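K.L.:
Chains as they are written, first to last, in the numbering used here: chain A, 1 to 206; chain B, 207 to 412; chain C, 413 to 618; chain D, 619 to 824.
Backbone N, C-alpha and C define an ideal beta-carbon position, used for all residues, glycine too.
Just so we're clear, the structure is a prediction, and the values are computed from it rather than from any experiment.
Here it is: the structure, laid out below.
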DNA sequence: GATGAATGAGCTTTCATTCAT
DNA sequence: CATGAATGAAAGCTCATTCAT
């Protein structure tokens, strides 16, 4: 599944499908080899096209990578927003938080090379590429921060904790999973419940 | 300090000092540009030598990088072992754990390009380089696992938690700090105490 | 006018007009960028067609360029022949020569990208393209040589001068104008009269 | 001789000789194939080095070409200045002019790929490269203009002629020779004397 | 010990050209 | 007639690496 996800929806003309294949391949290579290690020829091989065909769809290597990095976070956000929207009206902030943790982890580990590509390369990509991604990250972070603040107001988590620092520690614990978690050896349900317990206890505290 | 740390001690002949400068520079470049993004010419510039001079000290680019990656973790372990050895005999596992968190964070953020280089590039480095680093990581992880298990036996943290998963979540929260924490804007003491509270509560749980 | 000239006449079906537009555009690009610098995509943009459409009218890039280079001189010759034919029967060789100078200059500077394309790229085009152009050039040169020899016989210009060398010096003075003369800043009538005086005196001599 | 000229003088260390060989080769290729047609691999073949070696001496293709274009005119000027300096004090402007014609032609035809490269590609090179060359051209043109004005003051040539236009016609006649004159078939002394007669008569006039 | 000089492999990118539609 | 899609070949350029000095 991890290798065949579709990014976004939309038309599926032959042209659109080729573009998608290139983008998917780039996400996978980026995720494995890193920004500087991504070679267009590897992307092309995976996408089953010749390397110059990439230039029919993207104006440069940077352009292609930018779109992967940007849509990695965008997709994560869309995913989360949809999940939160489905919750019944009276759901408590802490329950919403719990859902967010689950969605983030499942999307990162189960579905998306885009997410892992974004996460792993955030620190290595040149400034020009970084900017649009940062905008998306801020939007994504804002959703989490809102939930966290609501939980604080509701007294569900400690009030003395700095929201930004807390969020970053939580993201750290979650994002790092893609570095060590092996889908072949672990059960994702176990991971999700352990992570939830760790994080919620960490923030609820005594 | 972060840019001028010395890795290990030992002889300080001119030759040894040049070697150290090259290694330090490689750690810094590796930390910023990633494995594939490291260019020997950048390392040479930082170390103030000519690029071919690197070959006098290291037999190849891979060799140089391997040493950085490997000593990043080795250094972290030495650091931790020394700190733990200094603790009085009766120190509880949980207190030892608390000290470990503090040492890991301070070393990563304050002292060492080696540590961040190791952490950031663990997933992108080729297998050949990875192996020795993995051995070091296992040794380092074993120290943490011992403490954790002792704490579990002592009933200081929950017994239902899987030690390996817990450890990885903790490492995630800590390692990710190097991606977002800005020494210019935050106080490291605050970060350390927030991280300790988050992690210890997360594992103690209700 | 210089950018919209039509080369030759003939059928004006939509197809023929598109072909003409492509040829005109090629002449202009060739004139500005040179043989190796001509890109079909530039020609296509100027002609307002898609690049592959060019292949409907010309079997290759070389083919297209050959036609421009060849018709550049052909057109110059047709132009000159018409002008000479209009002269009254008794016109002296020297007067015919004077008319030739004027026609050549006006056509080159005022009317035709084809002429400048031919002139500027004569030395850089591959042999295969060159041949047909050389044939045209010889025919064109023959007209000039005839006039010059007649003038020599009539004693209107020096007899000791080598006709071929003289002709080449004259062509040089004229052809070079397209490299330096700026229609925005100079008056073409002034240029024509100065050039006539220079050339005719140069050949008449003392 | 044309293929083996040395450009400028100076040290002849091995390194300097390689640099010179690359520059000489570039001048020759530029002269034959034009700006867009110059391939570094052709230059490298002629210079008997591998293509990337060029980058040891020049930072880019443009850089290399700029130096050829610029030094083509610079060399021409140096050549001319030296010849004029050798003339006895009382030499008339017209005699100086005559010497200038001779030096220009001989240098262009006999000695220098640099000169022909500069002349042929002046119109096709991008603006960035052009600028430095234009400066040199102006300096070179100023020498000629000075002589011409002096001759006008001395009444040696017509007073009604525009100096700039005249100069351009003269340069045209001379520069064009490299397009048609074949050293195998013609005698350069004949060409020089014919050209002198043509130009001087052209400007002296009746 | 260290460097100037050079190379070979491999990268991104461009471009003429083809072909199914 | 014309175009969207794609390719093969080759270009400029970068970089790790070598080697004589």
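Any beta carbon of chain D sitting closer than 8 Å to that of residue 580 (chain C)?
P.N.:
Yes, its Cβ sits closer than 8 Å to a Cβ of chain D.
K.L.:
According to the Cβ coordinates, are residue 517 (chain C) and residue 604 (chain C) closer than 8 Å?
P.N.:
Yes, the pair counts as a contact, with Cβ atoms nearer than the cut-off.
K.L.:
Rounded to whole angstroms, what's the CA-CA distance from residue 591 (chain C) to residue 754 (chain D)? Just pull it up for me.
P.N.:
Cα to Cα, the separation comes out at about 17 Å.
K.L.:
Scan the segment 224 to 240 of chain B for residues whose Cβ lies nearer than 8 Å to a Cβ of chain A and list them as they occur along the chain.
P.N.:
If the cut-off is 8 Å between Cβ atoms, the segment 224 to 240 of chain B has 238, 239 and 240 near chain A.
K.L.:
For the segment 224 to 242 of chain B and the segment 430 to 439 of chain C, state whether three or more C-beta atom pairs, one from each stretch, are separated by less than 8 Å.
P.N.:
Cβ pair count under 8 Å is below three, so no.
K.L.:
What is the rounded straight-line gap between the Cα of residue 96 (chain A) and the Cα of residue 151 (chain A)?
P.N.:
Each residue's Cα considered, the two are about 9 Å apart.
K.L.:
Out of D:743, D:691, D:711 and D:786, which has the shortest C-alpha to C-alpha gap to residue 734 (chain D)?
P.N.:
The residue with the shortest Cα to Cα distance from residue 734 (chain D) is D:691.
K.L.:
How should residue 213 (chain A) be labelled, buried or exposed, when 16 other C-beta atoms within 10 angstroms of its C-beta is the threshold for buried?
P.N.:
What is shown of chain A runs 1 to 206, which leaves residue 213 (chain A) out entirely.
K.L.:
In chain B, what lies closer than 7 Å to residue 124 (chain A) by C-beta?
P.N.:
By Cβ distance, chain B contributes 239, 240 and 243.
K.L.:
Quick check on residue 239 (chain B): buried or exposed, where buried means 16 or more other Cβ atoms within 10 Å of its Cβ?
P.N.:
By the neighbour-count rule (16 or more Cβ atoms within 10 Å), residue 239 (chain B) is buried.
K.L.:
Beta-carbon of residue 613 (chain C) versus every beta-carbon of chain D: anything under 8 Å?
P.N.:
Chain D contact via Cβ: present.
K.L.:
Any idea if residue 138 (chain A) is buried or exposed, counting beta-carbon neighbours within 10 angstroms, 16 or more meaning buried?
P.N.:
Flag for residue 138 (chain A) reads exposed.
K.L.:
Assuming contact is defined by CB atoms lying nearer than 8 Å, are residue 369 (chain B) and residue 351 (chain B) in contact in what I supplied?
P.N.:
Cβ atoms of residue 369 (chain B) and residue 351 (chain B): closer than 8 Å.
K.L.:
Is the shortest distance between the beta-carbon of residue 780 (chain D) and the beta-carbons of chain C less than 8 Å?
P.N.:
So yes, residue 780 (chain D) belongs to the interface.
K.L.:
For residue 376 (chain B) versus residue 405 (chain B), is the C-beta spacing smaller than 8 Å?
P.N.:
Cβ distance < 8 Å, so residue 376 (chain B) and residue 405 (chain B) count as in contact.
K.L.:
Give me the chain C residues within the contact set of residue 793 (chain D), using Cβ-Cβ distance strictly less than 8 Å, ordered along the chain.
P.N.:
Neighbours of residue 793 (chain D) on chain C, chain order: 584 and 588.
K.L.:
Determine whether the beta carbon atoms of residue 653 (chain D) and residue 535 (chain C) lie at a separation below 8 Å.
P.N.:
Not closer than 8 Å, so no.
K.L.:
Given that residue 797 (chain D) touches chain C, what residues does it touch there, using C-beta distances under 7 Å?
P.N.:
By Cβ distance, chain C contributes 534 and 535.
K.L.:
Can you list the beta strand (DSSP E) stretches of 3 or more residues lying completely in the segment 159 to 205 of chain A, in chain order?
P.N.:
Taking only runs of at least 3 residues, no beta strand (DSSP E) segment lies wholly in the segment 159 to 205 of chain A.
K.L.:
Which runs of the alpha helix (DSSP H) at least 4 residues long sit entirely within the segment 232 to 274 of chain B? Give them in chain order.
P.N.:
You should have 246 to 253 and 260 to 263.
K.L.:
What does residue 676 (chain D) touch in chain C if you count any residue whose Cβ is under 8 Å from its own?
P.N.:
The premise fails here: residue 676 (chain D) is roughly 20 Å from chain C at the closest Cβ pair, so nothing lies under 8 Å.
K.L.:
Taking just the CA atoms, how far does residue 246 (chain B) sit from residue 260 (chain B)?
P.N.:
In a straight line, the C-alpha of residue 260 (chain B) is about 8 Å away from that of residue 246 (chain B).
K.L.:
Is there a C-beta anywhere in chain B that falls below 8 Å from the one on residue 105 (chain A)?
P.N.:
Chain B contact via Cβ: absent.
K.L.:
Rounded to a whole number of angstroms, what is the C-alpha to C-alpha distance between residue 225 (chain B) and residue 254 (chain B)?
P.N.:
One C-alpha to the other measures close to 11 Å.
K.L.:
By the three-class DSSP mapping on this structure, what secondary structure does residue 299 (chain B) have?
P.N.:
Correct three-state label for residue 299 (chain B): helix.
K.L.:
Does DSSP classify residue 156 (chain A) as helix, strand or coil?
P.N.:
Residue state, collapsed to three classes: coil.
K.L.:
Can you give me the start and stop residues for the alpha helix (DSSP H) that residue 730 (chain D) sits inside?
P.N.:
Looking at the DSSP string, residue 730 (chain D) is not in any alpha helix (DSSP H), and its letter there is neither H nor E.
K.L.:
Starting from residue 191 (chain A), find everything on chain B with Cβ-Cβ shorter than 8 Å and list it in chain order.
P.N.:
By Cβ distance, chain B contributes 371.
K.L.:
To the nearest angstrom, report how far apart residue 408 (chain B) and residue 60 (chain A) are at their CA atoms.
P.N.:
Approximately 45 Å between the Cα atoms of the pair.
K.L.:
Please classify residue 795 (chain D) as buried or exposed, where buried requires at least 16 other C-beta atoms within 10 Å of its C-beta.
P.N.:
With 16 or more Cβ atoms within 10 Å of its Cβ, residue 795 (chain D) is classed as buried.
K.L.:
Which same chain residues, not among the five before or five after residue 119 (chain A), have their C-beta less than 8 Å away from its C-beta?
P.N.:
Excluding sequence neighbours, residue 119 (chain A) sits near 72, 108, 175 and 178.
K.L.:
Looking at the structure shown, is residue 209 (chain B) part of a helix, part of a strand, or coil, going by DSSP?
P.N.:
Because the pLDDT of residue 209 (chain B) is 41, which lies under 50, any placement of that residue in the model is unreliable, and the question is left without a value.
K.L.:
Check the Cβ-Cβ distances between residue 97 (chain A) and every residue of chain B, and say whether any is below 8 Å.
P.N.:
False, the Cβ-Cβ gap to chain B never drops below 8 Å.
K.L.:
Shorter than 8 Å from the beta carbon of residue 298 (chain B) to some beta carbon of chain A?
P.N.:
Not closer than 8 Å to any Cβ of chain A, the Cβ of residue 298 (chain B) fails to qualify, so no.
K.L.:
Quick check on residue 631 (chain D): does DSSP put it in helix, strand or coil?
P.N.:
Coil.
K.L.:
How should residue 365 (chain B) be labelled, buried or exposed, when 16 other C-beta atoms within 10 angstroms of its C-beta is the threshold for buried?
P.N.:
It counts as exposed.
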